[in-house]
Amino acid sequence: MTDLKTLLNRLGNGGPAEPHEIRSLLELSSPDQILELFETARYVRTRYFGFNVFLYGFIYFSTFCRNNCTFCRYRRDNLSLVRYRKSMDEILSTAKALAADGVHLIDLTMGEDPELLKAGQADHPPLPDLAENLTAETGLPVMISPGRVPDDILTEFAERGISWYACYQETHTRELFNRLRPGQDFNARLHAKHTARDLGMLIEDGILTGAGETRDDLLDSILWMKKLAVDQARVMTLIPQPETPLANQQSQDDLTELKLIAILRLVLQDILIPASLDVQGLGGLRARLDAGANVVTSIVLPQKGLAGVANHDLDIDASRRTVPRILPILEQCGLTAADQTEYREWIQLRLRRTHRLNRLRKKTAC
Ligand code: SAM
Ligand code: MD0
Ligand code: SF4
């Protein structure tokens, strides 16, 4: 059995990890050893990104959803909330304000809103037009998080220059997926990510932890995301939501999330890994960055009636999910917000790599 120092030394220098070695990292419980894990993750982050961190503005523009995910406040059967669908003008003005605050990307997120999935509604152009308008008006790259959408819509996103497709599997174990996302098709959700990648988009996948998974489930997810060669990988700790089937799930502290951030950094090395403000708000940011994350996500403008997902209102109207509140924390961590140009350059390089790999895959398939 390799000792921890040897293993961290190898991973810290970009070496490979065997599944049983990743499992041993997931099992770490000694505080000193966990700190060594985080330190190595920061070392790897510095090698690829220096001290730069990227900032993602978040616009949850429709909270209507046709699905019934057991963990989610916005599931169809939850009748206890007032839902909203923001107009094109509201979305544009919010995106411009976020851009002026210095975010690097606009993350356009929605429930699987049947109205928006139909082409072009009164107040709304079709989704690909909406996303393209945002790119044009803000000059920023756009991520779209619409849930599972058909291939023709993905094709339009790619043709309109949308950089990212985000779609979180939550777990890569079918049986657990069926419990978390009942009535949804495991393969179809994976297929959407493959299709987006084949179309030349960058892709993000993600794990939900604290939702009844085992260590082997987590290991499987890490191996899947490595195989899929995702460009961004996230982990979120379940925040049990009232009025949902997982309302009484025992709350989990954030240690597993932090270890997963560090392990993803060591196994996937040069990808983007979010520190989401949506789990513990601003108070949880430093720990996530110290574990090796390099993107702050879920930056939400206050007083606009916009919601978060896991924590729908935490820190939002107190203006604590804003760029000015984040910058001092980056500084405490010895980090700094990248220039918008630096992020665009990273995207361009990564997209070129995707296109190269796609060409190679096509050639070997012939
Ligand atoms: N409706 C789209 C979909 O499901 O793909 C887009 C929304 S997606 C950004 C919502 C994500 O937030 C989920 O995939 C899940 O990872 C996370 N999430 C939702 N509810 C959560 C909760 N209660 N606790 C933690 N994370 C949650
Ligand atoms: C976040 N609440 O960044 C958001 C969301 C969607 N692409 C991201 C899960 O944490
Ligand atoms: Fe809908 Fe997404 Fe929530 Fe599932 S996670 S219920 S698809 S908004």
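Heads up: the sequence shown begins at 917 in our numbering, then just goes up one per residue.
Glycine residues also receive a C-beta, built at the ideal position from the N, C-alpha and C atoms.
Cα-Cα separation between residue i and residue j, rounded to whole angstroms
| i | j | result |
| --- | --- | --- |
| LEU1246 | GLY1200 | 12 Å |
| ARG1277 | THR1270 | 10 Å |
| PHE1073 | ARG1268 | 17 Å |
| ALA1016 | TYR990 | 30 Å |
| GLU934 | SER1137 | 14 Å |
| GLN1165 | ILE1155 | 9 Å |
| LEU971 | GLY1055 | 15 Å |
| VAL998 | ALA1223 | 11 Å |
| ALA1145 | LEU1273 | 10 Å |
| ILE1119 | PRO947 | 33 Å |
| ASP1029 | PRO1062 | 9 Å |
| SER978 | LEU1046 | 13 Å |
| HIS1020 | LYS1220 | 20 Å |
| PRO1240 | ASN968 | 16 Å |
| VAL1195 | ASN1227 | 6 Å |
| GLU1031 | TRP1262 | 35 Å |
| ASP1114 | LEU1265 | 16 Å |
| ASP1255 | THR1051 | 17 Å |
| ASN1094 | LEU1139 | 20 Å |
| GLU1006 | ALA1112 | 27 Å |
| ASN929 | PHE954 | 14 Å |
| GLU1159 | LEU1193 | 23 Å |
| LEU939 | TYR959 | Just to set this straight, residue 939 is Arg in the shown sequence, not Leu. Each residue's Cα considered, the two are about 21 Å apart. |
| LYS1143 | HIS1110 | 11 Å |
| SER1079 | ARG1275 | 18 Å |
| LEU927 | VAL1225 | 33 Å |
| CYS988 | LEU1092 | 15 Å |
| ASP1147 | ARG1260 | 14 Å |
| GLN1085 | THR1071 | 20 Å |
| CYS1282 | GLY1250 | 48 Å |
Beta-carbon proximity list for residue i, same chain, < 7 Å, skipping 5 on both sides
| i | result |
| --- | --- |
| ARG961 | ARG1181, GLY1208 and ASN1210 |
| ASP1186 | TYR964 |
| ARG1076 | PRO1044, ALA1047 and GLU1048 |
| ALA1104 | ARG1064 |
| ARG1090 | PHE1102 |
| GLN1248 | ARG1202 |
Spatial neighbours of residue i in its chain, beta-carbon cut-off 6 Å, leaving aside the 5 residues before and after
| i | result |
| --- | --- |
| LEU1176 | VAL1151 |
| ASP993 | ASN984 |
| ARG1131 | LEU942 |
| ALA1108 | ARG1064 and CYS1083 |
| ALA1011 | ILE1022, LEU1050 and THR1054 |
| LYS1002 | PHE977 |
| ASP1067 | THR1111 |
Short Cβ contact (8 Å threshold) for residue i with residue j
| i | j | result |
| --- | --- | --- |
| GLN949 | LEU923 | no |
| ILE1189 | VAL1212 | no |
| LEU1008 | GLU1053 | yes |
| LEU942 | ILE1179 | yes |
| VAL1065 | LEU1024 | no |
| LYS1081 | MET1026 | Looking at the sequence itself, residue 1081 is Tyr, so the reference to Lys does not match. Not a contact, by the Cβ cut-off of 8 Å. |
| ALA1163 | GLN1157 | yes |
| ILE975 | ILE1022 | yes |
| PRO1161 | THR1280 | no |
| ALA1253 | GLY1018 | yes |
| MET1141 | ASP1121 | yes |
| THR956 | GLU937 | no |
| ALA1127 | LEU1106 | no |
Own chain partners of residue i with C-beta closer than 8 Å, once the 5 adjacent residues on each side are dropped
| i | result |
| --- | --- |
| PRO1218 | ILE1232, ASP1233, ALA1234, SER1235, ARG1237 and THR1238 |
| THR1125 | LEU1134, VAL1151, MET1152, THR1153, LEU1154, GLN1168, THR1172, GLU1173 and LEU1176 |
| GLU952 | LEU920, LYS921 and LEU924 |
| SER996 | PRO1158 and GLU1159 |
| GLY1099 | ASN983 and ASN984 |
| LEU944 | LEU920, ILE950, LEU953 and LYS1175 |
Among the options, nearest to residue i - alpha-carbon criterion
| i | options | result |
| --- | --- | --- |
| ILE1215 | LEU1014, ASN983 and ARG926 | LEU1014 |
| LEU1205 | PRO1244, LYS1002, ASP1101 and PRO1044 | PRO1244 |
| ALA1203 | GLU1173, LEU1230 and LYS1220 | GLU1173 |
| GLU1258 | PRO1161, GLY966, ASP1147 and ARG1095 | GLY966 |
| GLY1197 | HIS1040, CYS981 and ASP1229 | ASP1229 |
| MET1004 | THR1089, ARG1275, PRO1041 and PHE1093 | PRO1041 |
| LEU1033 | CYS981, ARG926 and LEU927 | CYS981 |
| GLY931 | VAL1225, LEU1184 and ARG1275 | LEU1184 |
| GLU1129 | GLY1250, SER1079 and THR1087 | THR1087 |
| GLY973 | GLY1250, TYR1000 and ILE1060 | ILE1060 |
key: 4 or more residues per run - each alpha helix (DSSP H) lying fully within the region 1033 to 1115   = 1043 to 1054, 1067 to 1075, 1090 to 1096 and 1102 to 1114
message = At 3 residues or longer, what runs of the beta strand (DSSP E) sit wholly inside the region 1168 to 1219?
response = Complete beta strand (DSSP E) runs here, min 3: 1190 to 1192 and 1211 to 1215.
At 3 residues or longer, and completely inside the region 924 to 985: list those beta strand (DSSP E) runs for me, N to C. Complete beta strand (DSSP E) runs here, min 3: 968 to 978.
message = At 3 residues or longer, what runs of the beta strand (DSSP E) sit wholly inside the region 1125 to 1169?
response = 1148 to 1153
For this session: When you get a sec, list the residues whose CB is within less than 5 Å of any heavy atom of the ligand MG, chain order please.
Result: Among the ligands in the structure shown, the ligand MG does not appear; only the ligand SAM, the ligand MD0 and the ligand SF4 can be found there.
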